[in-house]
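Reading through the C-alpha cells given below for one structure.
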Amino acid sequence: MVVRPIVIRMLTYEDTNQIIELERLCFEYPLGERTIQTYMEMLDQISVGAFQNGRLIGLVLGVVENDSLHIVMVAVHPLYRRQGIASTLMEKTENLALARDIKYFTLEVDVFNSSAIKLCQKLGYRITRIIERYYENGNDAFLMTKRAGQEFA
Ligand SMILES: CC(C)(COP(=O)(O)OP(=O)(O)OC[C@H]1O[C@@H](n2cnc3c(N)ncnc32)[C@H](O)[C@@H]1OP(=O)(O)O)[C@@H](O)C(=O)NCCC(=O)NCCS
59 MVVRPIVIRM LTYEDTNQII ELERLCFEYP LGERTIQTYM EMLDQISVGA FQNGRLIGLV
119 LGVVENDSLH IVMVAVHPLY RRQGIASTLM EKTENLALAR DIKYFTLEVD VFNSSAIKLC
179 QKLGYRITRI IERYYENGND AFLMTKRAGQ EFA
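Numbering (the numbering used here), first residue to last: 59 to 211.
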C-alpha cells in the first residue's frame with residue numbers, strides 16, 4: 059500500500075464510525091457510541107481529524123459553550139504518537155475557534171494521565187481545579203483551561 063501524507067480536516071457526522079473505533083482503541087473507558095453520535099449531531103462543535111490513507115489516526119472533538127470551546131476528546135492512534143499530531147490538531151482546532159471569536163478553551167484530564175497533562179501544558183493550558191471522582195473508575199480529573207494568546211509557560 060502506498061503511504062500517503064497525513065491530511066488534517068474538520069470532522070463531520072460521516073466520520074462517526076471511525077471516531078468510535080479510534081476512541082475504543084485509545085481509552086480504557088470510552089464515552090461510547092451513543093455519546094459520540096450525540097456530539098457529532100451537535101451543530102455547534104469544532105472537531106478536527108488527522109487521516110492517513112483515508113483512515114482516522116487522530117482527533118480533537120470540541121463543543122462550543124458560549125465564548126468557550128470545551129474539548130471533549132483528544133486521541134491519537136498508538137502507532138502515531140509522539141509525532142506532533144495531537145499538538146497540530148489542537149492548534150488547528152484553536153485557530154478555527156479563534157476565527158469565531160472563541161477565546162477560552164477547557165478540558166478535563168485524568169490526574170494520572172501525565173502524557174495528556176504535559177501535552178496541554180505545552181500548549182498553554184493550566185490546571186484550574188480538581189474535579190473529584192470525574193471518571194467511571196473513580197479517578198479525579200484536572201480541569202485545564204487556556205485563554206487564547208497564552209501559548210507557552
Ligand atoms: C495524549 C495524546 C493525545 C498525545 O498525542 P501525541 O500525538 O502523541 O502528542 P504530541 O506528539 O503532539 O505531543 C506533544 C507533547 O506532549 C507531551 N507528551 C505526549 N505524549 C507524551 C508521553 N507519552 N510522555 C511524556 N510526554 C508526552 C510531550 O511534551 C510532547 O512533546 P515532545 O514530543 O516534543 O516531548 C495521546 O498519547 C493519546 O491519544 N493518549 C490516549 C488518549 C488520551 O489520554 N487523551 C487525552 C485525554 S485529555
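We put the beta carbon where it would ideally sit given N, CA and C, even for glycine.
Note that the structure is a prediction, hence the values are computed from the model and not measured.
Can you determine whether any heavy atom of ligand 1 sits closer than 7 Å to the C-beta of Arg212, and answer yes or no?
With the chain covering 59 to 211 only, the question about residue 212 has no answer from this structure.
Can you give the beta carbon distance from Leu69 to Val106, rounded, assuming they're within the 8 Å contact cut? Here residue 69 is taken as the residue at index 11 of the sequence shown, counted from 1. Here residue 106 is taken as the residue at index 48 of the sequence shown, counted from 1. That belief holds up - the Cβ atoms of Leu69 and Val106 are roughly 6 Å apart, short of 8 Å.
* Asked: Using DSSP with H/G/I as helix, E/B as strand and the rest coil, what is Ala211?
  -> By one-based count along the sequence shown, residue 211 stands at place 153. Residue confidence is low: Ala211 scores 42 on pLDDT, short of 50, so the model does not pin down where it sits. No coordinate-derived value is stated.
### Query
Thr70 by DSSP, collapsed to three states: which one?
What you label residue 70 is simply residue 12 of the sequence shown in a count that begins at 1. Correct three-state label for Thr70: coil.
query: In angstroms, rounded to a whole number, what distance separates the CA positions of Gln110 and Gln76?
result: Here residue 110 corresponds to residue number 52 of the sequence shown, with the count starting at 1. Here residue 76 corresponds to residue number 18 of the sequence shown, with the count starting at 1. The C-alpha of Gln76 is placed about 12 Å away from the C-alpha of Gln110.
Worksheet item: Which word fits Phe210, buried or exposed, when buried means at least 16 other C-beta atoms lie within 10 angstroms of its C-beta?
Response: On the sequence shown, residue 210 is found 152 positions in, with the first residue counted as 1. Reliability of the predicted coordinates at Phe210 is poor, the pLDDT of 46 falling under 50, and the value obtained from them is presented with this limitation in mind. It is exposed - the Cβ of Phe210 has fewer than 16 other Cβ atoms within 10 Å.
Worksheet item: Is Val132 near ligand 1, with its Cβ less than 7 Å from a heavy atom?
Response: The sequence position of residue 132 within the sequence shown is 74, counting from 1. True, at least one ligand heavy atom lies under 7 Å from that Cβ.
Taking the continuous alpha helix (DSSP H) assigned at Lys204, which residues delimit it? Taking the sequence shown and counting its residues from 1, one reaches residue 204 at position 146. First-last for Lys204: 199-205, but that is the beta strand (DSSP E), not the alpha helix (DSSP H).
*asked:* Under 7 Å: does the beta carbon of Leu127 sit that close to some heavy atom of ligand 1?
replied: Residue 127 sits at position 69 when you count from the first residue of the sequence shown. Leu127 Cβ: outside cutoff for every heavy atom of ligand 1.
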